[in-house]
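Just below is one structure, and these are the notes that go with it.
Numbering (our numbering), first residue to last: 3 to 248.
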C-alpha cells in the first residue's frame with residue numbers, strides 16, 4: 003500500500019482516526035488543519051521551486067534545468083537508476099556487491115557534479131584509486147569469459163540486456179561530463195571513472211549472459227550487393243527496374 007497522503011483510501015491532509023481506550027472513536031481536541039497533518043507525516047516531496055524551469059545547485063545557485071551541469075548529474079542519476087534496475091535481476095552475491103559499491107560512488111559523483119564550487123576541505127570521493135578498482139574488477143571478470151573476436155548485439159539474458167542498457171546510459175553520462183568539462187572545471191577522474199564503468203558494464207553484461215547459459219549474439223554484417231563488370235551494383239535475377247513516373 004502506498005504511504006503517500008491521498009493514496010490507499012486516505013484523504014490528503016487527514017490522518018486516520020484513532021480508537022479510544024474502550025474501543026470507541028477518540029475525539030479530536032481543537033482544530034487540526036492539513037498543515038499539521040502533513041507535518042506529522044513528513045515534509046512534502048514537492049517544493050514548487052522548479053515550476054519555472056530552474057533548479058538549485060549545491061551552494062544555492064539557481065540555473066536552468068537544461069544547464070550542462072544539470073544535464074551531467076542528471077545523466078548520472080539515470081545511470082544509477084538503470085544500474086539499480088539491473089541489480090534487481092540477480093541474486094549473485096559477487097555481482098550485487100559490485101553493483102552496491104558502484105551505486106554509492108555514483109551518488110558521490112553526482113553530488114560532486116552538482117556542486118560548482120566544492121570546498122577545498124571536502125576531498126573528492128571519485129579518485130584515481132576508484133578508477134583502479136574498476137580496472138581490477140574488469141580484469142577479474144574478463145578472465146572468466148571466452149575471448150571476443152567480433153562485435154556482439156546488446157541482447158541476451160534479462161540481466162545481460164539490462165546491463166547493456168546501463169552501459170549506453172553510462173556512455174551518455176560520460177559525454178555530458180565531457181561537455182561540462184569544456185566549459186567549467188571538472189574533476190578529471192569523473193570522466194575516467196565513467197569511461198571505465200562503461201567498459202565494466204559491458205563485461206558484466208557478458209557475465210550475466212554466461213551465467214544464464216545464454217550465448218552472446220554475434221553481429222552479422224549485411225552482405226553488400228553484387229557488383230557488375232561495369233562497377234554498378236547488380237539488381238539480381240528477376241528484379242524489375244524501378245518504374246518511371248509517367
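Beta carbons: idealized from backbone N, C-alpha and C, even for Gly.
Item	Value
Pairwise C-alpha distance: residue 112 and residue 219	34 Å
Unbroken alpha helix (DSSP H) run spanning residue 48, endpoints	Segment: none, residue 48 is in no alpha helix (DSSP H) and carries neither H nor E.
Top-ranked residue by Cα proximity to residue 166, from 201, 73, 230 and 214	201
Rounded C-alpha distance that separates residue 162 from residue 151	19 Å
Close-in-space but distant-in-sequence residues of the same chain around residue 30 (CB under 8 Å, 5 per side omitted)	Note that residue 30 scores 47 on pLDDT, short of 50, meaning its location in the model is unreliable and no value can be drawn from it.
Collapsed DSSP secondary structure at residue 188 in the structure displayed	coil
Test item: CB-CB of residue 199 and residue 136 under 8 Å	yes
Bridge-paired residues (DSSP) for residue 220	154
Simplified DSSP state of residue 93, which is helix, strand or coil	coil
Limits of the alpha helix (DSSP H) - the one that residue 141 falls within	130-144
Cα-Cα separation between residue 164 and residue 85, rounded to whole angstroms	8 Å
Rounded C-alpha distance that separates residue 230 from residue 223	21 Å
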